[in-house]
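Asker:
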Amino acid sequence: RIPFAFNFLYRTTNVLEADMVREIANDLKTYGIEATPDNSGFKISSIVSGQYDAVLIPLIVPSLPYPFEGVYRSTSSFNLFGYANERADELIDKVSSNTNPEEARADAITLQKILIDDQPAIFLFNPARKMIAHKRYSNLSFYIEAPYIFLNSQEVVKE
């Protein structure tokens, strides 16, 4: 039997992330996998160059348009996964430059199908958002920032 063990890197500045890494490590231990929490070497340069076994990275999604080019474009300096796919790069360009929302949406869904098939990263956690408003506020409307982004659930919604 070959032991499966790795260092699990995380930021020292975030208590929630430290707790998540410890919980994940404890869960993996039940399957015979030894994940050692490590906050000693978290540097962006180490992460971009791939000098880690496993890392918990919070990816914050801004409002539309979704910046696919940041982490999925083959030539991006933030492509932490080393992912490269020419068709995905073409679609990233189309999504980010298209001013027609329906065309951008269709291209984004096609791109996500490629990303889901290729699996350049595995997302472990997607926090839910709760919206609360006091009754004294009027004219409130809640909306989804990115209504056609499905990557966090790892499935494409059928239309």
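Here the numbering used here is used: the first residue of the sequence shown is 85, the next is one more, and so on.
By construction, the Cβ of each residue, glycine as well, lies at the ideal position given by its N, Cα and C atoms.
Using a 10 Å radius around the Cβ and a threshold of 16 neighbouring Cβ atoms, would you call residue 173 buried or exposed?
Answerer: So residue 173 ends up on the buried side.
Asker: Going by DSSP in three states, residue 90 sits in which element: helix, strand or coil?
Answerer: Strand.
Asker: Grab me the residues of residue 179's own chain with a C-beta within less than 7 angstroms of its C-beta, minus the 5 sequence neighbours each way, in chain order.
Answerer: For residue 179, where only same-chain residues beyond five positions count, the Cβ hits under 7 angstroms are 149, 152, 188, 191, 192, 195.
Asker: Look up residue 122 in the DSSP assignment and say whether it is helix, strand or coil.
Answerer: Residue state, collapsed to three classes: strand.
Asker: Leaving out the 5 sequence neighbours to the left and right, which residues in its chain are closer than 6 angstroms to residue 121 when beta-carbon positions are compared?
Answerer: Hits under 6 angstroms: 92, 105, 106, 109.
Asker: Can you check DSSP and say which residues form a bridge with residue 139?
Answerer: According to DSSP, which records beta bridges pairwise, residue 139 is partnered with 93.
Asker: Which residues in the same chain have their Cβ closer than 6 angstroms to the Cβ of residue 117, if we skip the five residues on either side of it in sequence?
Answerer: Cβ neighbours of residue 117 beyond the five flanking positions: 88.
Asker: Below 8 angstroms CB to CB, which residues in the same chain sit around residue 141 once its five sequence neighbours on both sides are set aside?
Answerer: Once the five neighbours on either side are set aside, the close Cβ partners of residue 141 are 131, 164.
Asker: Just curious, the alpha helix (DSSP H) that residue 106 is in, first and last residue?
Answerer: Residue 106 -> alpha helix (DSSP H) spans 99-113.
Asker: Where residue 181 and residue 200 are concerned, what is the direct C-alpha to C-alpha distance, given to the nearest angstrom?
Answerer: Between residue 181 and residue 200, the C-alpha separation is close to 22 angstroms.
Asker: In the DSSP output, what is residue 193 paired with across the bridge?
Answerer: Paired residues: none, contrary to the question.
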